[in-house]
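Worksheet: one structure, shown below.
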Amino acid sequence: MQRREMLGTVMGALGAVGVMGAGMGDARAATQWKLATGYKPETLHTQNIEQFARDVEKATAGDLKIAVHPNNSLVKLPEILGAVQSGKAEAGEMLMSAMVKDVPLAGADSVPFIVSSYKDAHRLWQYQSPLLEKHLIDEKGVVPLYAVPWPPQGLFTVKLVRTKADFQGLKMRTYNATTVRIAELLGAQSVDVAAPDIPKALASGQIDSMITSSLTGVESQIWTHTKYYYELNAWIPKNLVFVQKKALDALSPATRKAVLEAAKAAEERGWALSEAALRASVNELRSHGMAIDRISPDLSKDINRFGEKFSREWVRTVGNDATRLFVPFYTQAP
Ligand code: PCA
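Numbering (my numbering), first residue to last: 81 to 414.
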C-alpha cells in the first residue's frame, strides 16, 4: 500500500470511530450515546436526564451527544442493565431496586422503614454508592453516574382500608421485589405493571391499588380511579443512571471529565427536584379530592411487621454487604 493510500485508510478509520481531531480537514466527528430509560418523557427523572444531556453537549462543545430513549422504547426497564453491559445502549437509567437479581445490594433503598426522610435517604446513598459502584464495575463493566430518588412511597387504593382483611381480592400493582412481597403478605394479588402503563391498567381494572410515590400518582392522574392515599413513608427508592465502562473509557479525558461533572450536578439538582415534587404532588392529589391519610394503627402494625420480615429476608440474601452498608449507616448516624 502506498503511503498516501495508507494515510487515507487510517484517516477514514479514525473518522469512523469518532476520534478524528479538529483541524484534520473534515469537521470532528462527535460521539453519540444512546441512553435508555423506562419512564415517560415528562417524568421528573427523564427531564433531569435531558438536562444532563444538554449540559454534556454544551460542556463538550458537541463532542458527545446523548440521545435519550424514554418510555421503554429502546429497551424495557428490567433489561436496561444488560443492554448497557452488552453495548446495545451506551447508557441507561433503571430503578435501582429493579437490579436486585444481578446486584442484590441495589435493593437497599427499598428495604421498608429504614429511611423516611430525604436526609436519611441521602446518608444511606453515601454508604451504598461505593459498594454498588464496585459491584457494577467489576461484575458488569458498568459505571454508575448518578442517582435521584422518587418521593417516599405510600399506598393508593380504590377503597378505604383499615385492616389486612380489606386487602383480600385487591389487585395490587408492583414494581420491584419489595412491592411484590408486601402485596403477598397483605393477601393481595400482585400485578406487575410498568410505570407508563399505570393509567391503562387502572382504567381496565387490571389493578386497583399500588404502593408508589405521590409523584407517580400525579403523573398517572390517579384520582380518576382511586380515592385514597395513605402516606406510609415506607422507603425512598432511587433511579440510577449508568454508562458502559468501555464507552466512558473511550472518551477523551476532557470529555470524560465533563460527563462526570454534569452527572454530579444532575444528582444535586435531582434530589432538590424530588423533594420539591413531594410537596407539590401531595397538594395536587388533595386538590383533586383525594383523601390523604395515615393508615390505621392496626394496619400500621401489620405493615411494619411485614417490613421487618422483608428486611430479614433481604439481609439474608445480601449477606456481608448488608453489614458493610447498615453498620456505618446506623452507628455513624448524627
Ligand atoms: N415511581 C416508580 C418507582 C417508584 C415511584 O415512586 C414506579 O411506581 O414505578
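Cβ atoms here follow ideal geometry from the backbone N, Cα and C, with glycine treated the same way.
Discussion item. What does the Cβ neighbour count give for R396, buried or exposed, with the cut at 16 atoms within 10 Å?
Written reply: Exposed, since its Cβ has fewer than 16 Cβ neighbours within 10 Å.
Worksheet item: Name the DSSP bridge partner or partners of V222?
Response: As DSSP reads the structure, V222 sits in a beta bridge with Q324.
Discussion item. I need the DSSP call for I372, collapsed to helix, strand or coil.
Written reply: strand
Practice prompt. For S361, write down the residues that DSSP places opposite it in a beta bridge.
Written response: DSSP, once it has assigned bridges, lists no residue as partnering S361.
Item to complete: Buried or exposed for N128, please, with buried defined as at least 16 other CB atoms from any protein chain shown within 10 angstroms of its CB.
Response: buried
Worksheet item: What number of angstroms, rounded off, separates the C-alpha of A360 from the C-alpha of F236?
Response: 17 Å
Practice prompt. Go through its chain and collect everything with a Cβ distance to L328's Cβ below 8 Å, but skip five positions before and after it.
Written response: V223, R336 and V339
Item to complete: Using a threshold of 8 Å, state whether the C-beta atoms of P276 and N152 are closer than that.
Response: yes
Worksheet item: Closest by CA to A371, which one among E170, G221, K307 and L282?
Response: K307
Item to complete: Go ahead and label K318 buried or exposed: buried means 16 or more other beta carbons lie within 10 angstroms of its beta carbon, across all protein chains shown.
Response: buried
Worksheet entry | Distance, W351 Cα to L282 Cα | 29 Å
Worksheet entry | Alpha-carbon spacing of M174 relative to L225, whole angstroms | 12 Å
Worksheet item: If you drop the 5 nearest sequence neighbours on each side, which residues of the same chain put their C-beta closer than 7 Å to that of R404?
Response: L211
Fill in: Straight-line Cα distance separating V155 from A141
28 Å
Discussion item. Just to confirm my understanding: we take W303, look at its own chain, exclude 5 residues before and 5 after, and list those with CB closer than 7 Å. What are they?
Written reply: L365, H368, G369 and M370
Worksheet item: Which of helix, strand or coil does DSSP assign to N400?
Response: helix
Item to complete: For M104, I'd like the list of residues in its chain whose CB is within less than 6 Å of its CB, leaving aside the five on either flank, ordered along the chain.
Response: The predicted position of M104 is uncertain, since its pLDDT is 42 and thus under 50; no value can be drawn from it.
Practice prompt. Report all residues from its chain with a CB closer than 7 Å to the CB of E348; omit the five preceding and five following residues, and keep chain order.
Written response: none
Discussion item. Could you give the first and the last residue of the continuous alpha helix (DSSP H) run that contains Q208?
Written reply: Y198 to H215
Fill in: Close-in-space but distant-in-sequence residues of the same chain around D106 (CB under 6 Å, 5 per side omitted)
Unreliable positioning characterises D106 in this predicted model, as indicated by a pLDDT of 42, which lies under 50. A coordinate reading is not provided.
Fill in: Buried versus exposed call for R374 [16 or more other C-beta atoms within 10 Å across all chains shown]
exposed
Worksheet item: On the three-pair Cβ rule with 8 Å, is the region 263-271 touching the region 198-216?
Response: no
Fill in: Residues of its chain near A357, where Cβ-Cβ distance is below 7 Å and the 5 sequence neighbours each way are ignored
L124, P231 and L295
Discussion item. Let me check you understand the geometry: is the CB of A147 closer than 7 Å to at least one non-hydrogen atom of the ligand PCA?
Written reply: No, the Cβ of A147 stays beyond 7 Å of every heavy atom of the ligand PCA.
Discussion item. Assuming contact is defined by CB atoms lying nearer than 8 Å, are Q412 and L312 in contact in what I supplied?
Written reply: no
Worksheet item: How far does the alpha helix (DSSP H) with R261 in it reach, from first residue to last?
Response: Its alpha helix (DSSP H) spans residues A257 to L266.
Worksheet item: From D143 to D218, what distance separates their C-alpha atoms?
Response: 28 Å
Item to complete: Identify the continuous beta strand (DSSP E) that holds A147 and give its terminal residues.
Response: First-last of the beta strand (DSSP E) with A147: L144 to H149.
Item to complete: Report all residues from its chain with a CB closer than 7 Å to the CB of P279; omit the five preceding and five following residues, and keep chain order.
Response: Residues S300 and Q301 of the same chain have their beta carbon placed closer than 7 Å to that of P279, with the five preceding and five following residues left out of the count.
Worksheet entry | For T306, the three-state DSSP class (helix, strand or coil) | In the structure shown, T306 sits in coil (DSSP, three-state: anything other than H, G, I, E or B).
Discussion item. Would I316 and I291 be called neighbours here (beta carbons separated by less than 8 Å)?
Written reply: no
Practice prompt. Report yes if the C-beta distance between L266 and F247 is below 8 Å; otherwise report no.
Written response: Taking 8 Å as the cut-off, the beta carbon of L266 is found closer than this to the beta carbon of F247.
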